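Just so we're aligned, residue 33 is where the sequence shown starts under the working numbering, counting upward by one.
Every residue gets a Cβ at the ideal spot worked out from N, C-alpha and C, and that includes glycine.
Model, not experiment: these values are computed from the prediction.
Data block below; observations after.
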Amino acid sequence: MMNIRHLKYFVATAESGQVSRAANLLAISQSSVTGAIRDLETELGTDLFQRSSHGMELTEAGREFLASAREILQKLDEATKLTRRHSTVSGVISLAATYTVIGYFLPYHLDRLKHLYPGLEVRLSELNRESIEEGLLSNRFDMAVLLTSNMNNPELESETLLKSTRRLWVPNNHPFQRRGKASFEEIAQEDYIMLTVDEAAHTTMKYWSLTSFQPQVKLRTSSVEAVRSMVANGQGVTMLSDMVYRPWSLEGKRIGTITTDKEIPSMDVGLAWRRGLEFSRPVSVLVDYFKQCYALPQTPFALGRG
């Protein structure tokens, strides 16, 4: 019989495009994911994925089922948090976030917070890291969600919630994809599409500088979707995190990801606040929510740390 486990494993595989990546995200074995999807397809009487050596691509039936599966999981999550949804906590939080965080991390959590704590108002501002850090120090913002891997201000505290692995993105059926791995020397021979938003270009050049090679940059752009389309259309490769990865471009063309011969630093997402700040009740609720989502210790974080 279909159960919640089937739906969770299916959604994770659909969103990641690979059984191995889904298993890693869920912290379970690949065989568990494969078995759950096979059971689900048997019960539904249709194939949900087209399988290949490069990954798992949703069929038309799979795409239709994905929307339903997401809705079921969301409703279940809301139902299990019913008592917390009626929390009497109220107040305003001034929250700052960077472009990548707002686009690929925060929307889901803001929606959950709205249902769990209807009396909590989150006033959100999108800014670059430097402006956010200045705003935290001047008490313009209570809290920030940003790329903690880019932070180095000693006057601020931070807590990383998520470490998103960076991989090489290549067009479908690229020789690198068929081989499953590429060296920096080989990548340097390819046209490279450089993302610039959220200091991505600076971060990229930092880990390239540890090699004796340089990327052959064809285009610099602040648009993740432009990068996605350029790669999918065979106009170059790039290195970006799993958090912003999607298996298809806007034109519906497949994008593959592979590992490199040298380890690439992860893109870390987390919370930041002014050092020594004493959290208000609304801010404590926000912090506790994120820590529960990512299974981090609850103390002494909720009290702030000097």
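- Under DSSP, ARG198 forms a beta bridge with SER273.
- Secondary structure of LEU188 (DSSP, three-state): strand.
- The beta carbon of ASP71 lies closer than 7 Å to those of HIS38 in the same chain, with the five residues before and after it left out.
- MET88 counts as buried, since at least 16 other C-beta atoms from the protein chains shown sit within 10 angstroms of its C-beta.
- If only complete runs of 3 or more residues are kept, the stretch 207 to 268 shows the beta strand (DSSP E) at 223 to 227 and 248 to 253, in order along the chain.
- When the alpha-carbon of LEU138 is set against those of LEU193, SER100 and GLY151, the nearest one is in LEU193.
- Contact check between the stretch 227 to 246 and the stretch 199 to 207: fewer than three CB pairs, one atom from each, fall below 8 Å, which does not count as touching.
- Taking every protein chain shown into account, the CB of MET33 has fewer than 16 other CB atoms within 10 angstroms, so this residue is exposed.
- Rounded to the nearest angstrom, the Cβ distance from ALA264 to ARG286 is 7 Å, consistent with a contact under 8 Å.
- With a 10 Å radius around the Cβ and a threshold of 16 neighbouring Cβ atoms, LEU272 comes out buried.
- In the three-state DSSP reduction, THR180 falls in the helix class (H, G or I).
- Comparing alpha carbon positions, the residue from ILE69, THR236, GLN246 and ASP143 closest to ASN182 is THR236.
- Collapsing the DSSP output to three states places GLN50 in coil.
- Exclusion of the five residues before and after ARG155 leaves VAL124, ILE125, SER126 and LEU127 as the residues of its chain whose Cβ lies within less than 8 Å of its Cβ.
- One alpha carbon belongs to LEU76, the other to ARG306, and they sit about 52 Å apart.
- Per DSSP, the beta bridge partners of ARG286 are TRP280.
- The Cβ-Cβ distance between PHE322 and LEU309 does not fall below 8 Å.
- Under DSSP, LEU127 takes part in a beta bridge, and its partners are LEU156 and MET175.
- In the DSSP assignment, LEU90 forms a beta bridge with PHE81.
- In the DSSP assignment, the residues bridged to VAL301 are LEU179 and LEU194.
- Between THR243 and the set ARG144, PHE216, LEU57 and TYR326, the nearest pair of CA atoms involves PHE216.
- Per DSSP, reduced to three states, the secondary structure at ARG37 is helical.
- Proximity of the stretch 164 to 176 to the stretch 288 to 304 meets the contact definition, three or more beta-carbon pairs being nearer than 8 Å.
- Only exposed fits ILE36, as fewer than 16 other CB atoms lie within 10 angstroms of its CB.
- Judged by DSSP in its simplified three-state form, THR45 adopts helix.
- Boundaries of the alpha helix (DSSP H) around GLU165: 161 to 169.
- Here the alpha carbon of THR91 sits roughly 16 Å from the alpha carbon of ARG278.
- Bounds of any alpha helix (DSSP H) do not take in PHE137, whose DSSP letter is neither H nor E.
- In the structure shown, PRO150 falls within a coil segment according to DSSP collapsed to helix, strand and coil.
- Residue state for THR66 is assigned as helix, using DSSP reduced to three classes.
- For GLY49, same chain residues with a beta-carbon under 7 Å away, outside a window of 5 residues either side, are GLY87, MET88 and PRO279 in chain order.
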